[in-house]
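These protein sequence lines are chains H and X, in that order.
The first sequence lines up with residues 1 to 116 when you count with my numbering.
The second sequence lines up with residues 117 to 230 when you count with my numbering.
Built from N, CA and C at the ideal position, the CB exists for glycine as well.
Okay, so here's the structure we're looking at.
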Amino acid sequence: GNSVTQMEGPVTLSEEAFLTINCTYTATGYPSLFWYVQYPGEGLQLLLKATKADDKGSNKGFEATYRKETTSFHLEKGSVQVSDSAVYFCALGGGVFGGGADGLTFGKGTHLIIQP
Amino acid sequence: GAGVSQTPSNKVTEKGKYVELRCDPISGHTALYWYRQSLGQGPEFLIYFQGTGAADDSGLPNDRFFAVRPEGSVSTLKIQRTERGDSAVYLCASSLMGDTDTQYFGPGTRLTVL
Numbered sequence: 001g002n003s004v005t006q007m008e009g010p011v012t013l014s015e016e017a018f019l020t021i022n023c024t025y026t027a028t029g030y031p032s033l034f035w036y037v038q039y040p041g042e043g044l045q046l047l048l049k050a051t052k053a054d055d056k057g058s059n060k061g062f063e064a065t066y067r068k069e070t071t072s073f074h075l076e077k078g079s080v081q082v083s084d085s086a087v088y089f090c091a092l093g094g095g096v097f098g099g100g101a102d103g104l105t106f107g108k109g110t111h112l113i114i115q116p
Numbered sequence: 117g118a119g120v121s122q123t124p125s126n127k128v129t130e131k132g133k134y135v136e137l138r139c140d141p142i143s144g145h146t147a148l149y150w151y152r153q154s155l156g157q158g159p160e161f162l163i164y165f166q167g168t169g170a171a172d173d174s175g176l177p178n179d180r181f182f183a184v185r186p187e188g189s190v191s192t193l194k195i196q197r198t199e200r201g202d203s204a205v206y207l208c209a210s211s212l213m214g215d216t217d218t219q220y221f222g223p224g225t226r227l228t229v230l
């Protein structure tokens with residue numbers, strides 16, 4: 001079945017540091033890949049997505065590239081801010097041949113803490 | 117516009133009791149999903165509705181869990197004979213039929229079974 005593995009947290013960085021949160025997946029077919037973010041006291045929000053190999057999703061300075069050869073979708077940001085402190089979830093969805101209508105499969109989440 | 121809403125935001129119940137959790141999707145979203153998020157874990161898929169019918173209920177853990185969506189809008193997740201292990205945040209999400217990968221999540225209902 002489908003599964004997502006992401007790096008354990010918490011990840012603590014100083015403001016303006018470079019961020020990488022690793023995510024790898026196992027899936028049948030060609031799923032879509034996502035990063036969701038959960039800010040303190042708020043619900044899950046879609047941060048970015050990519051629907052096919054070599055696609056790059058980007059939003060709010062965050063980027064992730066769909067790497068089929070390494071089954072990865074690592075999240076990166078060049079210069080983090082205190083306001084980026086949140087829990088980040090990597091997820092995969094049905095996409096092509098993956099059922100389309102099935103629910104998303106999430107990783108366990110990575111708690112990111114940015115210190116001023 | 118209004119997002120996905122869930123009520124109640126918190127529910128405390130005793131072991132063995134019956135509970136109902138409600139989800140109001142975004143207007144016009146025909147796809148609706150329920151997930152369960154335990155502490156320190158990512159959300160786990162429970163059930164998916166397309167319109168009024170459950171298109172995929174493979175994530176429901178056992179027959180104590182049931183969900184309905186009688187008019188294709190509001191959905192209710194029902195848990196019978198609750199157990200302490202059912203304590204979690206129950207999340208609802210909705211999406212447009214043509215873009216089921218882009219799901220919009222509600223704030224969740226935190227269920228505590230004592």
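{"Query": "Cβ-Cβ distance between Leu207 (chain X) and Leu44 (chain H) below 8 Å", "Result": "yes"}
{"Query": "Bridge partners - Gly57 (chain H), DSSP secondary structure assignment", "Result": "H:Ala64"}
{"Query": "The region 78-95 of chain H / the region 191-205 of chain X touching (three or more Cβ pairs under 8 Å)", "Result": "no"}
{"Query": "For Phe182 (chain X) and Thr129 (chain X), the rounded distance between their alpha carbons", "Result": "18 Å"}
{"Query": "Beta-carbon gap between Gly64 (chain H) and Ala53 (chain H) smaller than 8 Å", "Result": "Per the sequence shown, residue 64 (chain H) should be read as Ala rather than Gly. Not in contact: Ala64 (chain H) and Ala53 (chain H) (Cβ atoms no closer than 8 Å)."}
{"Query": "Delimiting residues of the beta strand (DSSP E) encompassing Ile163 (chain X)", "Result": "160-166"}
{"Query": "Beta-carbon separation (whole angstroms), Ser191 (chain X) vs Thr228 (chain X), contact threshold 8 Å", "Result": "The Cβ separation is near 21 Å, so there is no contact."}
{"Query": "C-alpha gap between Gly132 (chain X) and Asn178 (chain X), whole angstroms", "Result": "15 Å"}
{"Query": "is_contact[Phe97 (chain H), chain X] using C-beta, thresh 8 Å", "Result": "Summary for Phe97 (chain H): the model assigns pLDDT 44, below 50, so the residue's position carries little reliability, and this model does not support an answer."}
{"Query": "Three-state class that DSSP yields for Ser83 (chain H) in the structure shown", "Result": "helix"}
{"Query": "Member of X:Thr168, X:Val120, X:Phe161, X:Val205 whose CA lies at the smallest distance from the CA of Pro141 (chain X)", "Result": "X:Val120"}
{"Query": "Residues that Lys49 (chain H) contacts on chain C, provided the C-beta gap is smaller than 8 Å", "Result": "Included in the structure are the protein chains H and X, with no chain C among them."}
{"Query": "Under 7 Å by beta carbon: chain H residues contacting Ser149 (chain X)", "Result": "It should be pointed out that residue 149 (chain X) corresponds to Tyr in this sequence rather than to Ser. Within 7 Å Cβ-Cβ: Gly103."}
{"Query": "Residue-chain proximity (Leu112 (chain H), chain X), Cβ-Cβ < 8 Å", "Result": "no"}
{"Query": "Where Arg200 (chain X) falls: helix, strand or coil (DSSP)", "Result": "helix"}
{"Query": "is_contact[Phe221 (chain X), chain H] using C-beta, thresh 8 Å", "Result": "yes"}
{"Query": "C-beta neighbour in chain X for Phe62 (chain H), strict 8 Å", "Result": "no"}
{"Query": "For Val11 (chain H): DSSP bridge partner residues", "Result": "H:Leu112"}
{"Query": "Sheet register partners of Leu19 (chain H) (DSSP bridge)", "Result": "H:Lys77"}
{"Query": "Neighbour flag for Gly175 (chain X) against chain H, beta carbons, 8 Å", "Result": "yes"}
{"Query": "Three-state class that DSSP yields for Asp140 (chain X) in the structure shown", "Result": "strand"}
{"Query": "Which listed residue (X:Gln157, X:Tyr220, X:Ser210, X:Trp150) has its alpha carbon closest to that of Gly175 (chain X)", "Result": "X:Trp150"}
{"Query": "Members of the region 2-15 of chain H that neighbour chain X once the beta carbon cut-off is set at 9 Å", "Result": "Val4, Gln6"}
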